[in-house]
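Have a look at the structure below, then the notes.
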Amino acid sequence: MEVIPCPDRDRAVALTARLIEARLRAKPDLVLGLATGRTMEEVYARVVASGVSFARCTTFNLDEYVGLPPEDPNSYASYMRHHLFDHVDIDPARTHLPDGMASDLAAAAADYEAKIAAAGGIDLQLLGIGESGHIGFNEPLSALRSRTRDKILTPTTRRQNAGMFGGDCGAVPKRALTMGVGTILDTRELVLLASGAAKAAVVARAVEGPLTSRVSASAIQLHTSCKVVLDAEAAAELEDTDYYRFVCSNEEKWDGYRDLL
Ligand code: GLP
């Protein structure tokens, strides 16, 4: 794992956007794993502004609420159209989200896994982190080898996401269909972005804490190509930030990103 501490949110977002752009330019037929949440909104705005082409790109989103149709403004399908798909040259047929409206969720989950496999696996997976420690919607005690399936959302997550539902926790769906931790670990590269003081404690547990299903994000410690991009607030509770900075400042691969570090 590499931790990339950036001075502020703008630069952490810009660095993440630039990584996506670089991967797309290097491999136009990239299979890109997408995440939602407020943190990613600015990332997508920057990727759109970069003008990079998505014409040959295939995407798979991490998760979708159960029971919200794609046209519901709070569905992640709507989120993706609004923040990314409607503004780039992507072929809608190459965009995928789990089907939270399926009558058979287990079959929809298996179908999603099959589609990822048929696409050759995911090259780059973007991740946010929830205050419950989740990646995707892998709530505490998600098996570290889990595959796509439906999960009950924790009260913490429903509270965290209530803002998108008019502040009403009760309006946040109780379940979601999410890639599993194992699905996420099978991707070829992970980039996790976190910003803000509210994420500092959970970031420290995920990055430096023990590997535990209580914090599904700690599973990123098992991935052989994982970058964690943080602003100063989200990095505030890490113990070894000086070391992470030392590594970044000595790695040539970050030379093109020095303005953001
Ligand atoms: C949702 C998503 C997660 C995401 C999280 C972060 O819960 N399912 O994949 O990491 O939001 O949200 P935010 O960026 O709004 O803090």
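Numbering-wise (this note's numbering), the sequence shown opens with residue 131 and increments by one. Glycine included, C-beta positions come from ideal geometry on N, C-alpha and C.
Compute every distance between the C-beta of Gly258 and the non-hydrogen atoms of ligand 1, then say whether any falls below 7 angstroms.
Working through the sequence shown from its first residue, we reach residue 258 at position 128. True, at least one ligand heavy atom lies under 7 angstroms from that Cβ.
Across the segment 289 to 300 and the segment 318 to 326, are there enough close Cβ pairs to call them in contact, namely three or more that are closer than 8 angstroms? Contact fails: fewer than three Cβ-Cβ distances are below 8 angstroms.
Sequence ranges, alpha helix (DSSP H) only - wholly within the segment 285 to 341, length at least 4: Counting only runs of 4 or more, we get 285 to 290, 311 to 315, 330 to 338.
For Arg138, which option in Ala349, Ala362, Arg388 has the closest C-alpha, if you only look at C-alpha atoms? Taking the sequence shown and counting its residues from 1, one reaches residue 138 at position 8. Correcting the residue identity first, residue 138 is Asp in this sequence and not Arg. The shortest C-alpha separation from Asp138 is found at Ala362.
* Which partner residues of Tyr195 appear in the DSSP bridge assignment? -> Position 65 of the sequence shown, counted from the first residue, corresponds to residue 195. Residue pairing by DSSP places Tyr195 opposite Ala306 in a beta bridge.
**Q.** Proximity of Leu473 and Leu160 at Cβ, strictly below 8 angstroms
**A.** Here the chain has residues from 131 to 391 only, and residue 473 is not among them.
query = Buried or exposed: which applies to Glu336, given that a residue is buried once 16 or more other Cβ atoms fall within 10 Å of its Cβ?
reply = Counting from 1 along the sequence shown, the entry for residue 336 is found at position 206. The sequence shown places Ala at residue 336, not Glu. Ala336 is classed as buried because its beta carbon has at least 16 other beta carbons within 10 Å across all chains shown.
Buried or exposed: which applies to Phe184, given that a residue is buried once 16 or more other Cβ atoms fall within 10 Å of its Cβ?
Here residue 184 refers to the residue found at position 54 when the sequence shown is read from its first residue. By the 10 Å Cβ count, Phe184 comes out buried.
Contact between the segment 275 to 288 and the segment 308 to 319 (3+ Cβ pairs under 8 angstroms)
Contact holds: three or more Cβ-Cβ distances are below 8 angstroms.
Report the residue from Asn204, Thr169, Ile246 whose alpha carbon sits nearest the alpha carbon of Gly296.
Within the sequence shown, residue 296 is the residue found at index 166, counting from 1. Taking only the C-alpha atoms, the option nearest Gly296 is Asn204.
Ligand 1 and Arg139: does any heavy atom of the ligand fall closer than 7 angstroms to the residue's C-beta?
Residue 139 sits at position 9 when you count from the first residue of the sequence shown. No.
Name the DSSP bridge partner or partners of Pro158?
-> For this step, residue 158 is matched to residue 28 along the sequence shown. According to DSSP, Pro158 bridges with nothing at all.
Does DSSP classify Glu132 as helix, strand or coil?
As a working mapping, residue 132 is identified with position 2 in the sequence shown. Three-state result, Glu132: strand.
State the start and end residues of the unbroken beta strand (DSSP E) segment that holds Cys187. Start at 1 with the first residue of the sequence shown, and residue 187 comes out as number 57. Here Cys187 belongs to no beta strand (DSSP E), and DSSP marks it neither H nor E.
field: Residue range of the alpha helix (DSSP H) that includes Arg168
entry: Taking the first residue of the sequence shown as 1, we reach residue 168 at position 38. Per DSSP, the unbroken alpha helix (DSSP H) holding Arg168 starts and ends at 168 to 180.
Problem - the segment 226 to 245 contacting the segment 341 to 352, beta-carbon criterion three pairs below 8 angstroms - result: Counting Cβ pairs under 8 angstroms, fewer than three are found: no touch.
Starting from Leu368, trace the beta strand (DSSP E) both ways and give me its first and last residue. By 1-based counting over the sequence shown, the position of residue 368 is 238. Counting along the chain, Leu368 falls outside any beta strand (DSSP E), and DSSP gives it neither H nor E.
Check whether the Cβ of Ala165 lies closer than 7 angstroms to any heavy atom of ligand 1, and answer yes or no.
Working through the sequence shown from its first residue, we reach residue 165 at position 35. Yes, ligand 1 has a heavy atom inside 7 angstroms of this Cβ.
Given the structure, does Leu315 come close to ligand 1, in the sense that its CB is under 7 angstroms from one of the ligand's heavy atoms?
In the sequence shown, the residue the question calls residue 315 occupies position 185. No; taking the cut-off as 7 angstroms, the Cβ of Leu315 has no heavy atom of ligand 1 nearer than that.
Q: Tell me whether Thr354 is buried or exposed, calling it buried when 16 or more other Cβ atoms sit within 10 Å of its Cβ.
A: Within the sequence shown, the letter at position 224 stands for residue 354. Counting the other Cβ atoms within 10 Å of the Cβ of Thr354 gives fewer than 16, which makes it exposed.
For Ile282, which three-state DSSP category applies?
Residue 282 sits at position 152 when you count from the first residue of the sequence shown. Strand at Ile282.
Notebook entry, point to check: If we count the other Cβ atoms within 10 Å of its Cβ and call it buried at 16 or more, is His212 buried or exposed?
Noted result: On the sequence shown, position 82 is the one that residue 212 refers to. Taking every protein chain shown into account, the CB of His212 has fewer than 16 other CB atoms within 10 angstroms, so this residue is exposed.
Within 7 angstroms: the Cβ of Arg168 and any heavy atom of ligand 1? In the sequence shown, counting from the first residue as 1, residue 168 sits at position 38. Between ligand 1 and Arg168, a heavy atom-to-CB distance of less than 7 angstroms is present.
#### Entry: Residues bridged to Thr225 [DSSP beta-bridge criterion]
For the purposes of this step, residue 225 is taken as the residue at position 95 of the sequence shown. Answer by DSSP bridge pairing, in chain order: Thr189.
Between which two residues does the beta strand (DSSP E) holding Leu390 run?
On the sequence shown, position 260 is the one that residue 390 refers to. Here Leu390 belongs to no beta strand (DSSP E), and DSSP marks it neither H nor E.
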